[in-house]
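Numbering (our numbering), first residue to last: 12 to 419.
In structure tokens:
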């Protein structure tokens with residue numbers, strides 16, 4: 012029977028949580044403010060919303076596509092090396108985003124390069140170290156702490172980014188964020204594992220792990236749910252400021268809304284991680300997706316006022332990344348920790364396909380119809396689908412003791 016015990020990393024839980032949380036705070040905090048660059052960049056460059064949206068959509072797709080590769084490298088050679096490369100690429104991508112003068116170069120910088128950087132500096136890589144350091148009984152909680160750090164980054168970085176744009180200009184703001192991204196490099200050294208994490212950590216090859224996971228129905232359902240998560244949160248995160256501006260609400264309402272999302276996300280992700288220790292994670296995930304659908308449906312039907320925006324932001328914020336701890340905890344619970352970064356990367360790739368469609372369709376359908384109504388309805392329908400998809404997920408570890416045993 013697969014007992015899912017962690018492989019010793021040679022690090023203390025406190026050290027991994029502290030450094031990992033700070034890295035996620037920086038990486039996720041920076042990216043959550045990209046929606047505030049939409050208006051100033053397209054105004055100065057003379058681009059459409061679809062141009063900007065497509066670049067951010069490519070960013071999410073590149074992040075997802077590079078995620079499994081970053082996970083494989085982290086599992087094989089050590090997460091800290093991948094994190095250093097991710098931090099350096101993040102800084103270069105932000106610099107490229109600031110100087111790009113054509114849609115192509117903007118997409119290459121803001122899209123491809125930053126997307127690859129995020130694959131090596133966010134959850135999947137950090138969770139690999141946590142999986143090898145934290146006992147199974149505390150994994151969901153630890154994943155919740157790391158996810159909450161990303162939410163804290165959003166809460167802190169959004170007002171900072173809006174202040175930098177308004178006082179120093181959008182290009183200078185990107186230069187300063189590039190310098191901030193470099194802080195990931197020294198923090199990565201704090202989670203340098205002192206024991207081998209490659210083949211010596213177990214007997215299952217990468218090919219065997221992939222065949223096992225993709226042949227397992229629950230893994231497929233988790234990927235489907237994560238697709239919906241990506242569609243919803245990235246559409247809202249990028250297009251909400253413009254949606255509110257279109258309806259006559261000022262930048263202060265958008266800033267306050269995204270800050271509230273970040274603030275309540277801290278509590279939501281921590282609560283999801285803690286509840287995942289005591290409740291079936293499949294039911295927890297189903298409840299999160301169902302409540303998201305209800306929250307979005309309510310938001311687009313009630314009169315749009317600053318108060319309704321703030322209430323929606325608080326509710327959706329509590330549900331924002333609360334899917335992350337239970338989803339990754341289920342993956343670790345089923346398959347163990349040896350290939351956790353890689354498998355988490357594949358699950359996240361599905362998330363980023365959804366992110367690509369959410370942010371790109373937001374701009375595409377807005378330019379075509381003059382409103383975001385169709386995308387809001389899609390977000391609701393997908394939430395219901397994800398709610399139903401997570402119910403049959405099986406959380407028990409795979410039994411590898413019987414020769415030739417196949418996952419169900």
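Glycine included, every Cβ here is placed at the ideal spot set by N, Cα and C.
For the alpha helix (DSSP H) holding residue i, just list the boundary residues, first then last.
i           : result
residue 336 : 335-346
residue 142 : 134-144
residue 70  : 60-88
residue 204 : Per DSSP, residue 204 belongs to no alpha helix (DSSP H) and is neither H nor E.
residue 264 : 262-286
residue 115 : 114-117
residue 363 : 351-380
residue 452 : Because the chain is modelled from 12 through 419, residue 452 falls outside the range shown and cannot be assessed.
residue 126 : 125-130
Tell me the DSSP secondary structure of residue i in three-state form.
i           : result
residue 249 : helix
residue 410 : coil
residue 26  : helix
residue 43  : coil
residue 405 : coil
residue 314 : coil
residue 400 : helix
residue 170 : helix
residue 215 : coil
residue 289 : coil
residue 258 : coil
residue 331 : coil
residue 111 : coil
residue 237 : helix
residue 120 : helix
residue 301 : helix
residue 383 : coil
Are there any heavy atoms of the ligand NAP lying less than 6 angstroms away from the beta-carbon of residue i, as far as the coordinates show?
i          : result
residue 97 : Of ligands this structure carries none, so the ligand NAP is not represented either.
What is the rounded straight-line gap between the Cα of residue i and the Cα of residue j?
i           : j           : result
residue 34  : residue 129 : 11 angstroms
residue 266 : residue 324 : 11 angstroms
residue 112 : residue 56  : 7 angstroms
residue 16  : residue 140 : Caution is warranted here: a pLDDT of 42 is assigned to residue 16, below 50, making its placement in the model unreliable, and no coordinate value can be reported.
residue 380 : residue 374 : 10 angstroms
residue 99  : residue 106 : 11 angstroms
residue 89  : residue 263 : 42 angstroms
residue 162 : residue 29  : 15 angstroms
residue 26  : residue 137 : 12 angstroms
residue 224 : residue 68  : 27 angstroms
residue 24  : residue 192 : 24 angstroms
residue 357 : residue 339 : 11 angstroms
residue 117 : residue 93  : 24 angstroms
residue 200 : residue 319 : 44 angstroms
residue 249 : residue 42  : 10 angstroms
residue 31  : residue 157 : 7 angstroms
residue 171 : residue 261 : 17 angstroms
residue 372 : residue 242 : 10 angstroms
residue 282 : residue 238 : 22 angstroms
residue 278 : residue 148 : 20 angstroms
residue 402 : residue 216 : 30 angstroms
If distances are taken between C-alpha atoms only, which option among the options comes closest to residue i?
i           : options            : result
residue 269 : 251, 284, 383      : 251
residue 240 : 332, 308, 227, 193 : 332
residue 175 : 197, 219, 47, 306  : 47
residue 221 : 321, 352, 153      : 352
residue 256 : 65, 315, 199       : 315
residue 298 : 400, 87, 135, 137  : 400
residue 410 : 310, 335, 344      : 344
residue 397 : 361, 372, 406, 367 : 361
residue 38  : 131, 154, 203      : 131
residue 295 : 310, 337, 347, 312 : 337
residue 103 : 189, 134, 177, 226 : 189
residue 134 : 278, 160, 70       : 160
residue 311 : 145, 147, 247      : 247
residue 58  : 183, 114, 75, 101  : 114
residue 306 : 179, 390, 204, 271 : 390
residue 97  : 86, 280, 350, 78   : 78
residue 271 : 253, 70, 228, 330  : 330
List the whole-angstrom C-beta distance separating residue i from residue j, where the pair is believed to meet the contact cut-off of C-beta under 8 angstroms.
i           : j           : result
residue 44  : residue 168 : 6 angstroms
residue 284 : residue 152 : 5 angstroms
residue 273 : residue 236 : The pair is not a contact, with the Cβ atoms about 22 angstroms apart (cut-off 8 angstroms).
residue 293 : residue 404 : 4 angstroms
residue 63  : residue 80  : About 27 angstroms; that fails the 8 angstroms criterion.
residue 303 : residue 394 : 5 angstroms
residue 4   : residue 22  : Missing from the structure shown is residue 4; the chain here goes from 12 to 419 and no further.
residue 49  : residue 367 : About 16 angstroms separates the two Cβ atoms, so there is no contact after all.
residue 335 : residue 154 : 7 angstroms
residue 82  : residue 355 : 6 angstroms
residue 66  : residue 122 : 4 angstroms
residue 108 : residue 125 : 7 angstroms
residue 101 : residue 254 : With 8 angstroms as the limit, residue 101 and residue 254 do not qualify as a contact, their Cβ atoms being about 27 angstroms apart.
Please decide whether residue i counts as near chain D, where near means a Cβ-Cβ distance under 7 angstroms.
i          : result
residue 89 : Structure shown: chain D not included; a single protein chain is present.
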